[in-house]
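Under numbering that gives the first Met the number 0, read the sequence shown as residues 0 to 174, first letter to last.
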Amino acid sequence: MSEHTELIVALDIAERDQRRMAADVNDWLRASGWSVRSASANGPDALGAHADSFRESTWSSAPSSAILCSVEDSMWDAVSDMEGPRCWQCDSEIADEDISHLGDWMSGPEPVFTCGQCGAVALAGDMNVASSVVFGNPGITIECFGYDGIALARRLLTEVRGSFANRWAYVHRQR
0 MSEHTELIVA
10 LDIAERDQRR
20 MAADVNDWLR
30 ASGWSVRSAS
40 ANGPDALGAH
50 ADSFRESTWS
60 SAPSSAILCS
70 VEDSMWDAVS
80 DMEGPRCWQC
90 DSEIADEDIS
100 HLGDWMSGPE
110 PVFTCGQCGA
120 VALAGDMNVA
130 SSVVFGNPGI
140 TIECFGYDGI
150 ALARRLLTEV
160 RGSFANRWAY
170 VHRQR
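Written as structure tokens, this is what we have:
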């Protein structure tokens, strides 16, 4: 059985502001019902009542979960099922020769891609990167065994984008 983790990553926070943003996001997650404070001082929170509608009914025992916004290594990737970003408009994957530009993002500017199918132009992080890689911080890490993690993360992404004026991207990690 593989391990799935949902990642929601801020793409445009200055390094000096990342830890403060992580704390603000954790406070917001608790206040909005997405998380419940951990009993451990440094441990991740558990998913809160707002996530209950994403529980999968086939589980007889209580699902396990963890959610935390933190500053990590700036690379957040899909790991085993990684592919290039997909066009936000027509869902075509970027050309193989363009994928190498993602590596440049680690220490340089975010690449801009033009879709070979429909001609749409977007920054890498504004494309569908659910199976790809993004660089940024902080990031929300969600471990949600017994939940529909993808649907949960997409809903949370929408709410985070509505509550924080920054650019955010979603990556589904599978190991």
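Heads up, the beta-carbon is just placed ideally off N, CA and C, and yes, glycines get one too.
Coarse secondary structure for residue i, derived from DSSP in three states
i: D147; result: coil
i: D16; result: helix
i: N25; result: helix
i: R166; result: coil
i: R172; result: strand
i: R36; result: coil
Residue i: first and last residue of the uninterrupted beta strand (DSSP E) it sits in
i: D76; result: 74 to 76
i: E5; result: 3 to 9
i: A65; result: 63 to 69
Spatially closest choice to residue i from the options, by CA coordinates
i: G161; options: R36, A123, R174, L28; result: L28
i: P43; options: W33, I93, I66, D26; result: I66
i: S131; options: M81, S34, D11, L151; result: M81
i: I12; options: H3, N41, S73; result: S73
i: A123; options: Q116, F134, C117; result: F134
i: E109; options: G115, H100, Q116, C117; result: H100
i: G107; options: A77, L10, E5; result: L10
i: W18; options: S37, G148, S69; result: Before going on, a small fix: residue 18 reads as Arg here, not Trp. The candidate whose alpha carbon is nearest that of R18 is S69.
Residue i classed as buried or exposed, judged by whether at least 16 other C-beta atoms fall within 10 angstroms
i: G83; result: buried
Unbroken stretches of the beta strand (DSSP E), 3 residues or longer, contained in the region 85 to 138: 111 to 113, 120 to 122, 132 to 134
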